[in-house]
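Peer 1: Residue 836 in the working numbering sits at position 28 of the sequence shown, with consecutive numbering throughout.
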Amino acid sequence: MKIVVLGGAGLMGRIAVKDLAASEGPQQVVIADRDTDLARQVVNLLPQGRSKVSVVHTDVTDRAKLLDTLRGADAVLNAVHYYFNLEVMRACLEVGAHYTDLGGLFHLTRKQLEFHDEFAAAGLSAVLCMGSAPGVPNVQARYAADRLDTIESIRIYDGILPLAGDDIRFGYAIPTIIDELVMPPMVYRDGEFVAEEPLSGEEDYWFEPPVGMLRCHLSLHSEVATLPVSFKEKGIRECFFKINYWGMSPESFAKVKLLADLGFAGAEPVEVKGVQVRPRDMLVTLLADYIPPLDAFVQEPADPTHWTKEIVTEIRGTRDGQPRTYRLGTLTPIGSLPTGVAPSIAAQWLAAGRIQGPGVFAPEVALDPVSFFDALAGRGIITRVSIMEPVSH
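(1) My output table needs one value for A1183: the three-state DSSP class, helix, strand or coil.
(2) Classify I986 as helix, strand or coil using the three-state DSSP reduction.
(3) V896 and V864: beta carbons closer than 8 Å?
(4) In chain order, what residues of the same chain lie with their CB nearer than 6 Å to the CB of D974, ignoring the 5 residues before and after it?
(5) By how many angstroms is the C-alpha of A1185 removed from the C-alpha of Y996?
(6) Shorter than 8 Å from the beta carbon of E1122 to some beta carbon of chain D?
(7) Can you check whether the CB of F1180 is closer than 8 Å to the CB of H1029?
(8) Which class does P1058 belong to by DSSP, given the choice of helix, strand or coil?
(9) Out of K873, V944, S933 and V851, which has the shortest C-alpha to C-alpha gap to I1190?
(10) Given a cut-off of 8 Å on the beta-carbon distance, is the pair L989 and A1073 in contact?
(11) Could you compute how far the alpha carbon of T1093 sits from the alpha carbon of L819?
(12) Please state whether DSSP places S961 in a helix, a strand or coil.
(13) Between the Cα of L1022 and the Cα atoms of R1187, P1198 and D966, which residue gives the shortest distance?
(14) To the nearest whole angstrom, what separates the beta carbons of G1188 and D827, a pair I think is in contact under 8 Å?
(15) Under 8 Å: do the stretch 996-1012 and the stretch 1033-1047 share three or more Cβ pairs, one atom per stretch?
(16) DSSP on D1128, reduced to helix/strand/coil?
(17) Is D841 helix, strand or coil when you go by DSSP?
(18) Taking only three categories from DSSP, how would you classify C900?
(19) When the Cα atoms are used, what is the spatial distance from E832 to G880?
(20) If you follow the alpha helix (DSSP H) that D954 is in, where does it begin and where does it stop?
(21) Between A1174 and I811, how many whole angstroms is the CB-CB distance? I'm expecting something under 8 Å.
(22) With a CB to CB cut of under 6 Å and the five nearest residues on each side skipped, what residues in its chain are close to G912?
(23) Rounded to whole angstroms, what's the CA-CA distance from P1112 to P1141? Just pull it up for me.
(24) How long is the line joining the alpha carbons of I1153 and V813, rounded to whole angstroms?
(25) For a quick check, are the C-beta atoms of V763 and V825 less than 8 Å apart?
(26) Using only CA atoms, which one of G816, E1079 and R1124 lies nearest to L1202?
(27) Let me know the secondary structure DSSP gives K860 once reduced to three states.
(28) Classify P1077: buried if its beta carbon has 16 or more other beta carbons within 10 angstroms, exposed otherwise.
(29) Quick check on the burial criterion: 16 or more other C-beta atoms within 10 angstroms. Buried or exposed for A1150?
(30) List the endpoints of the continuous alpha helix (DSSP H) containing V1092.
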């Protein structure tokens, strides 16, 4: 089994590489990245399985090189920025490789689903949005959907225990966080997709300790793009995704938001001393100094409570005519761990033929929930379910 991890030296890619290297299935794991020096450092930090991990220079904008890298792969785990998802999917079609990624931030995910017929005709399978969130919440929703006759609402809460004070650290791709900060979040309400104001819909939500109570807000996410479609026949009327300032404390988030409010997240070029500069590009470049160190997610952290998170999905519906609510919570001591582990599991299942037939699928369609949660539990990522229903019928 050969699995190529595009962007394998990045924050999430390196977690996937660690999991693949430690797993029995893959015989070859390829880190395909523009930064080969960083990729080799990732390999050197791997606690096990490094002998089956190789590094190859790859730029996804160089199509010829991308195709060369992907040839012979049983599955491709795409951990590069979601802007390139369509190009990577086209490359997988050309070389005959199965595909998974970390999400397309709603709008691109909907475009990716349009590849279904092409993948099906090629006998290939793709599982989209297979990160932490999206990914885990989709499968949580499927677990409940299998046990409900109707679904009224699916409400997703992503709680990340922030660092204390105004210490800024970004747990995943900075460009994606900026997009989520400024782009209108989409919700599903009364049978329609509706755009809301960024950071709206604030509410306090209680997560399992040590996470505790956090203020959450709406954010643009891909779960909302697929769950209402997958469970439309069960009558779903509401679906949303909320997160707590993308894992930042209110104090550190205020700093980043101020920069965005002042225009530094703008995509239109401005002239600076005769040079055209996109404010967003400068902001992303400067904020790159505020990502965790290389070993943060490859080696065990000294204080794992700094990265604890719980992903919660509440599914309300009916069973046998009676109201029933499922709450599924997936708790992890290292917040970003599922974002790399979940696609590693999906890539291995794709390569082994364990994913539902050819085509392009959302996680809630492609994966068996119990098997998936068992696989996460084997990595120390525990999912618990609670059920609320009337005492008597």
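For every residue, glycine included, the Cβ atom is placed at its ideal position computed from N, Cα and C.
Quick caveat, the model's predicted, so the values are computed rather than measured.
Peer 2: Looking at the coordinates:
(1) helix
(2) helix
(3) no
(4) E1059 and S1060
(5) 31 Å
(6) This model lacks chain D altogether; it includes just one protein chain.
(7) no
(8) helix
(9) V944
(10) yes
(11) 15 Å
(12) strand
(13) D966
(14) Actually they do not touch by this definition, with Cβ atoms about 11 Å apart.
(15) yes
(16) coil
(17) strand
(18) helix
(19) 19 Å
(20) Segment: none, D954 is in no alpha helix (DSSP H) and carries neither H nor E.
(21) Between I811 and A1174 the Cβ distance is about 17 Å, and since that is not below 8 Å, they are no contact.
(22) Y890, N893, Q920 and S1030
(23) Model confidence at P1112 stands at a pLDDT of 47, short of 50, so the residue's coordinates are unreliable and nothing is read from them.
(24) 13 Å
(25) Residue 763 falls outside the range modelled here, since the chain spans only 809 to 1201, and no answer is possible.
(26) Examination of residue 1202 is not possible in this model, given that the chain is present from 809 through 1201 alone.
(27) helix
(28) exposed
(29) buried
(30) P1087 to L1095
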